[in-house]
Structures are given as C-alpha cells and as structure tokens.
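In order, the protein sequence lines correspond to chains X and F. Here this note's numbering is used: the first residue of the first sequence is 60, the next is one more, and so on. Here this note's numbering is used: the first residue of the second sequence is 60, the next is one more, and so on. Don't be surprised by glycine CBs; every beta carbon is placed ideally from N, CA and C. Bear in mind the structure is a predicted one, so any value in this text is a computation, not a measurement.
Number of protein chains: 2
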Amino acid sequence: VSDVVTAVYEIHGDGAHERAKAIAVEQSHELPTQFAPKHSLVSLAHVVDVVESAGGPATATIEFPVELAGGELTQLLVMLFGNVSLQRGVRLVEIDVPAALATAVGGGTRLGVDGVRQVLGAPERPLLATALKPVGLSSRELADMAHELALGGIDLIKDDQGVNNQHWSPFAERVPLVADAVRRANEKTGRTSLYLPTVSGPHLDEHARLAGEAGVGGALVMPGIDGFSAPLRVAAALGRDAIVLQHPSFLGGFTADDSHGIAPELLFGRISRLVGADVVVFPNSGGRFGLTEAQCRAIAAGATGEFAGLRPALPAPGGGMTVEKVPAMLEQYGRDVVQLIGGDLHRDGDVRGASERFRAAALA
Amino acid sequence: VSDVVTAVYEIHGDGAHERAKAIAVEQSHELPTQFAPKHSLVSLAHVVDVVESAGGPATATIEFPVELAGGELTQLLVMLFGNVSLQRGVRLVEIDVPAALATAVGGGTRLGVDGVRQVLGAPERPLLATALKPVGLSSRELADMAHELALGGIDLIKDDQGVNNQHWSPFAERVPLVADAVRRANEKTGRTSLYLPTVSGPHLDEHARLAGEAGVGGALVMPGIDGFSAPLRVAAALGRDAIVLQHPSFLGGFTADDSHGIAPELLFGRISRLVGADVVVFPNSGGRFGLTEAQCRAIAAGATGEFAGLRPALPAPGGGMTVEKVPAMLEQYGRDVVQLIGGDLHRDGDVRGASERFRAAALA
Numbered sequence: 060v061s062d063v064v065t066a067v068y069e070i071h072g073d074g075a076h077e078r079a080k081a082i083a084v085e086q087s088h089e090l091p092t093q094f095a096p097k098h099s100l101v102s103l104a105h106v107v108d109v110v111e112s113a114g115g116p117a118t119a120t121i122e123f124p125v126e127l128a129g130g131e132l133t134q135l136l137v138m139l140f141g142n143v144s145l146q147r148g149v150r151l152v153e154i155d156v157p158a159a160l161a162t163a164v165g166g167g168t169r170l171g172v173d174g175v176r177q178v179l180g181a182p183e184r185p186l187l188a189t190a191l192k193p194v195g196l197s198s199r200e201l202a203d204m205a206h207e208l209a210l211g212g213i214d215l216i217k218d219d220q221g222v223n224n225q226h227w228s229p230f231a232e233r234v235p236l237v238a239d240a241v242r243r244a245n246e247k248t249g250r251t252s253l254y255l256p257t258v259s260g261p262h263l264d265e266h267a268r269l270a271g272e273a274g275v276g277g278a279l280v281m282p283g284i285d286g287f288s289a290p291l292r293v294a295a296a297l298g299r300d301a302i303v304l305q306h307p308s309f310l311g312g313f314t315a316d317d318s319h320g321i322a323p324e325l326l327f328g329r330i331s332r333l334v335g336a337d338v339v340v341f342p343n344s345g346g347r348f349g350l351t352e353a354q355c356r357a358i359a360a361g362a363t364g365e366f367a368g369l370r371p372a373l374p375a376p377g378g379g380m381t382v383e384k385v386p387a388m389l390e391q392y393g394r395d396v397v398q399l400i401g402g403d404l405h406r407d408g409d410v411r412g413a414s415e416r417f418r419a420a421a422l423a
Numbered sequence: 060v061s062d063v064v065t066a067v068y069e070i071h072g073d074g075a076h077e078r079a080k081a082i083a084v085e086q087s088h089e090l091p092t093q094f095a096p097k098h099s100l101v102s103l104a105h106v107v108d109v110v111e112s113a114g115g116p117a118t119a120t121i122e123f124p125v126e127l128a129g130g131e132l133t134q135l136l137v138m139l140f141g142n143v144s145l146q147r148g149v150r151l152v153e154i155d156v157p158a159a160l161a162t163a164v165g166g167g168t169r170l171g172v173d174g175v176r177q178v179l180g181a182p183e184r185p186l187l188a189t190a191l192k193p194v195g196l197s198s199r200e201l202a203d204m205a206h207e208l209a210l211g212g213i214d215l216i217k218d219d220q221g222v223n224n225q226h227w228s229p230f231a232e233r234v235p236l237v238a239d240a241v242r243r244a245n246e247k248t249g250r251t252s253l254y255l256p257t258v259s260g261p262h263l264d265e266h267a268r269l270a271g272e273a274g275v276g277g278a279l280v281m282p283g284i285d286g287f288s289a290p291l292r293v294a295a296a297l298g299r300d301a302i303v304l305q306h307p308s309f310l311g312g313f314t315a316d317d318s319h320g321i322a323p324e325l326l327f328g329r330i331s332r333l334v335g336a337d338v339v340v341f342p343n344s345g346g347r348f349g350l351t352e353a354q355c356r357a358i359a360a361g362a363t364g365e366f367a368g369l370r371p372a373l374p375a376p377g378g379g380m381t382v383e384k385v386p387a388m389l390e391q392y393g394r395d396v397v398q399l400i401g402g403d404l405h406r407d408g409d410v411r412g413a414s415e416r417f418r419a420a421a422l423a
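Okay, structure coming up:
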C-alpha cells in the first residue's frame, strides 16, 4: 500500500535539478527547508529523480506524503499544481494516487463506461451526443429541438455550456420543458435519450435540485468555472443514475501550450476521473482547436486506462466534428466513445434527419 | 447606458480577421451563423474591429450583448473566454462591463481599499501580511506563531493555501485556536490584526460557517480551485466586514505564457474585482515566478483603476518577497498595497522580531 502521491513534471530550460527541488518545496512547505522545524519535515515533498534529455525538457518525479491532500480533491490539486501553475516552463505530465486516497477524495467517476451504457441500454455501440443551441432561442424552441434530436436517435442531448439562465430560456422554465420533450420522444421510439442541462453558477445547488425534480439524465458541469468539487456535488444532488458530463470551458489555460500547464491527456484523463466525470468533453484534433491526433489518443487512453482503482470514463471528442468525420472518429477512438456533433446537425434545418444520418454512420 | 460587454483579444499568427469572427461566434452561438434562426441573432456577438500590427499580434475588439451573461459572473466568464481558452494564440487582454451588469453579477469587491483600511484602523499606511506555515505543524503551534506575528505588527495573518483540513491541524480545531491567539495579541497591542483562514473544498459552506463563529477577519479563497462563485459565497457567509483575500492557486495556466490565456493585469485586476477580491495575491516580479515589473505595475493599476463602478482592490505582491525588498516594493506599488512576506520572517527563528523589522521597514 503506497502512502505517497507521485507527480511527474517536465521542466523546460536550465537548472532542472535545482528547479525540481524548488517545486517539491513550493508545493508542500512553501518555506526554505532550513527554516522548518524538524518535526514538520514529515509533510515535505521529495524529488525522487530528475532525468535530463538532450534537446528536450527534463523530467522530474516528485513524491508527496499522502496526508498533504487531507482527503480532499481540492487540496490534492493545490498540492500537485497550485502555485507552480504560475511558473513558466513547468508542466505537470503524470500523476499516480493511492486507491485509498482516490476513494477518500470522493471516489471519482461514478457510473463510468459500463454505468452510462447501462443507463442508456446500449451495451456495446458508440454513443451519440449533441448540444441544444444557439442561445437566444426560447425554452419552447429548445424543447422542440430536443424532441427532434431524441426522435433522431441522439443518446445524450446536452445544453450548450453558454445556455444557463439567460432570459431567453430561464433554467426553471427550460429544464422541465426539455426533459419532458425528451421523455415524450422516448415513449415514441422505445429508446432512452437523456437530457443533460448545464448546472453552473451561483445557484448551483438550487439548479441541481430543480434538475433532479424535472427528471433529467445528468448534467453538464464545468469544473474550470464552478470549481473542482462541483461535478460530484451536482451528481450527489441528482441521484445515483445521473451522468456527469464534464465540459472543458475555461480549462484551456492549462493545455494551450506545450511548455507549461497540464498535459491534456492528464487533465482530460486521470484528473477528470478524480473530479467525477463520466463523460469527458475535449477538443478533438482536426476541429477548431489545437490538440494533435496523438494527444487525443493519449486523452482517450487516460480516460479509460488503469488508474487508482477508478472507473474508466467515456472520452467525448468535440469542437467542429461533422457526420462526415464519424468513420475517422470510430477509427481513432473505437466504440467506447461519445461522438459529439453540434452545429453540423443544423446544416439543412432538419435536425431529426441529420441525427438519423449521424446514428447510421456511428452504428455502421 | 451601454448594453454590451466589450472584450479585446490579441490574436497571434495569421488570419486575424477570420479568427476574430470565429471567436465572436464560438463565444456566443457556437453555431455557424447561416444555420441560426434569424430571431436568434439578437444573442450573437460581433467583431467591432481588428487592428493588425507588424511583428506583433493583432488586436480584435468584440462586443457581446449584455444579456448573454444572464446576470451571472460564471456565465460572463464562459462568454468571455470559456471555449476560446482552448485555442492557441488567443489572449484575452481587456474587458469592459456595464456597471449594471457588474452589480447584477454580485457587485464585486465588497470592502475594497477603503473598507479594508477601515476594518484595520489603518487609513493611510502600507498594509502587512504573512502566511502561517509550514503545513505539518499542529494547530497549537500555528496559533502560537499567529500570536507572535500579531504581536510583531502583521495586519493580515492568513493560512497557507496548502493548509486546510489535514490531520496535523484540522480546520475545526485550528481556526478557533488561531483566531483566539490573534485576539489575545490584539488585546495586548491595542492594534487590529486579523486571521484569514483558508476556506476551500467540499466543506466550503460548513467551513465558512465555522470560521464566522470563530470570529475570523475574512478568508483566503481560491477561485481557480473552488470556482469563481466561491469568494462572494464565502464572504456572504462570513458577514459584512469580512475581507476576501484571493489566492492565485491553479490560476497560472492563464498567465504563464504571453501568446494565450489571460493577461495577468486583467486576471489579477478587473476580473479579480468582479470575482469579489478585496486583496489580490499575485506573484511579484523578482521572486520565484515569471511576471515582469511592467506586468506587476499593470496588475496594480488594474486592481485600483476605474472599472464598472466597482471598488478598487488591494494588490498583494508575494512569492519570495523579503524584508530587504520592502523599500523597492514601496517604490513600485506606493502605499495602497498589501506587502506579503512569507518564509523570510522565519529566517532566524524569531517571527515576532522579524515582523517588527518588516513593519518598521514598511512604515518608514
């Protein structure tokens, strides 16, 4: 049984050995070690090794006493990358966490791949998702759109992350209408489509309660905006079968450069599972954002591979995906994936027909 | 009366005009405009202008209908930079917000420069702050340390951001002990030192309540970890005179590179005021982090200058500051500043004596 959390940092530039020691101190004591009382050294982090590489960054492995996380996901993140996020040329690229700590900080992903598949009654096939948009439509219009999308065979119909409580479709009006529209479609199709509203903002707890009463299938949650406790807090309010779809809004500061921040395969892989995501939305290669195909493959591996005894989560590559690209996405991600297509379903004004084509392509 | 939110983005690389249009769509409709129903166009953002610059980034000004923020700070941030945070080469450098929206999203900074000075009974002089550290000490040891620091004349004695609820000093044990130790010191000195505990994590609301009962002077809050609603939520629980000290933990993804993210003077200036900070901690130039002197001057200007009718906040440059550097910090920031010195006060094992020297230097 391990009693340490291990983190690997890439260090770009000179002086990797000294900088690794400085990171260990910064992220634990934040005090020059010669000034610390001897008995406090039990809480100091240590450099395990530093591997230098010609022409690339050095790789430093640091061990943290597990007690530093205090059994809280939030303090675990403060410890791994809080202050050092502000330093240039330092990139968090890998973590390992004892299973007991992963349990203590909330247990991470609740449903995971198998649980989401069970709720949807879809044991093997790729899953389909889309967003209700644009903001500016009325609650009624969004509900009608959701009805058509459900009739067309979309599994997860989520709010756009930019739709929450604006006057065009206030949360308390929109969420019951859309949930009901999806339910009516399910009665016609005999399938299970689910509505996942945005749950965010100062009224997070009240909105989670309203969403639960409306009988939604889960929620879109944004830890970059509402904090890293938000997904499990919303999930607990929604109940046992609720799907947590994590949206990457405002998380991009960490991933938009290769020499600092957090490696995307870690942020959208292991960290997202600790945070409680069942479905992890991230920007796919070949869309409107900058990740490479290799990074996206690594994200999928991080979302599904062995880690701290946590359940695997479903990668949901999005951001400019089209029905035409579905075969390539299947090729890249296999079947344990949520295929997320937004705007392209609106191309010819018939979202139901487009959804049927999307489904046919994904199930081919 | 303006009914738009204005944002300025630097765009690095080619194709600035097209990319500016794409940002306006991404951050509002997230749907190709030709697919959007005509009546929904009322919620679309627009490019006002794009100024190209030889050898530097282009500057794009975009206007968003004020209703897109839905009266929520969180949706305002989603709108300004949510998805586009994931794009390389795009940097949010300036925002302007109508005063009515700033009020609607929570009213921002509550006490501000004047309010903090009034609570501390220090109408003009520079203010002094430090952190209780290292993690690993007992609650009793941290309380004794706080007592000495208060006797030595430190105004704001905060928890280290890495100290929250670990077994060495559990929150419910530590916070009343430290608050009491600071109170006892105040009775001896006749001055007002205040204790600001870390309020963070899954028990945020309960901890805020406990802290209020213990009679603390405010809290250290980390919006990068606990979400951007957390500061005002904690402040409301603590009461009217509570000081919100914002810590930059996990916010560094946005500032550690010059070609994307959010300009530090905006993040630690206007945005921190919207979020509700009275005191904004940021990494000073010449310490352990990478900001330049010019950036730090701009942060101080952003924290205190005219913006949306909001109160000015106190800049608190930290991260490797020493008593020796106090004159230079006074030169750089003037008197409306919280001078934050951590480890250096522990140099010779006499934090009271070091605090007295710190105070003498700052009040010289």
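From the beta-carbon of N142 (chain F), the residues of chain X found nearer than 7 Å are S308.
Relative to L404 (chain F), the option among F:G212, F:F327 and F:L255 whose CA is nearest is F:G212. Only buried fits G167 (chain X), as 16 or more other CB atoms lie within 10 angstroms of its CB.
In the three-state scheme derived from DSSP, where H, G and I count as helix and E and B as strand, R199 (chain X) is classed as helix. Shortest Cα-Cα distance from I154 (chain X) to any of X:T381, X:A367 and X:L399 involves X:A367. By the beta-carbon neighbour count (other beta carbons within 10 angstroms, threshold 16), D218 (chain X) is buried.
Judged by DSSP in its simplified three-state form, T162 (chain X) adopts helix.
According to DSSP, T92 (chain F) shares a beta bridge with no other residue. Under DSSP, L255 (chain X) shares a beta bridge with X:K217. When C-beta distances to chain X are compared with 7 Å, the residues of the segment 102-117 of chain F below that value are S102, in chain order. Taking C-alpha positions only, A159 (chain F) is separated from L135 (chain F) by approximately 13 Å. Look at E122 (chain F) here: in three-state DSSP terms it is strand.
Residue pairing by DSSP places T189 (chain F) opposite F:I216 in a beta bridge.
As a beta-bridge residue in DSSP terms, L279 (chain X) pairs with X:T257 and X:L304. Sorting F:R176, F:K192 and F:P91 by C-alpha distance to the C-alpha of L103 (chain X) places F:K192 at the top.
Not flagged as an interface residue toward chain X: G412 (chain F), since no C-beta distance is shorter than 8 Å. For the pair L255 (chain X) and V143 (chain F), the Cα-to-Cα distance works out to about 22 Å.
Identification of residues in the segment 334-357 of chain X having a C-beta nearer than 9 Å to some C-beta of chain F yields F341, P342, R347, F348, G349 and L350, given in sequence order.
For F417 (chain F), there are no neighbours in chain X by C-beta distance under 9 Å, as the nearest C-beta there is about 15 Å away. Contact annotation, A128 (chain X) with A75 (chain X): C-beta distance approximately 25 Å; criterion of less than 8 Å not satisfied.
Linking R184 (chain F) to D214 (chain F) through their CA atoms gives a straight-line distance of about 11 Å. Taking the C-beta atoms as reference points, F123 (chain F) is found nearer than 8 Å to V63 (chain F).
Within chain X, the residues whose beta carbon sits less than 9 Å from that of L127 (chain F) are V194, G195, G221 and Q225, listed in sequence order. A Cβ-Cβ separation of about 32 Å leaves D317 (chain X) out of contact with V175 (chain X) under the 8 Å criterion.
Any Cβ of chain F closer than 8 Å to the Cβ of F287 (chain X) would place that residue at the interface, and such an atom is present. Under the 8 Å criterion on CB atoms, V258 (chain F) is classed as non-interfacial with respect to chain X.
Around L291 (chain F), the same chain offers G165 and G335 as residues with beta carbons nearer than 6 Å, after the five sequence neighbours per side are excluded. Residues of chain F with a Cβ closer than 9 Å to the Cβ of P261 (chain X) are, in chain order, E131, L132, T133, V164, G165, S288, L291 and R292. Put simply, the backbone Cα of Y392 (chain X) is about 7 Å away from that of R356 (chain X). DSSP links P374 (chain X) through a beta bridge to X:V339.
Judged by DSSP secondary structure, R411 (chain F) falls within the alpha helix (DSSP H) whose first and last residues are V410 to A421. Residues of chain X with a Cβ closer than 9 Å to the Cβ of Q146 (chain F) are, in chain order, G311, A315, P342, R347, F348 and G349.
Assignment of beta-bridge partners to H105 (chain F) by DSSP yields F:E122.
Remark: C-beta atoms of A273 (chain F) and V293 (chain F) do not approach each other more closely than 8 Å.
With respect to the 8 Å criterion, T351 (chain F) and V172 (chain F) are not classified as neighbours on the basis of their beta carbons. The C-beta of I70 (chain F) comes no closer than 8 Å to any C-beta of chain X.
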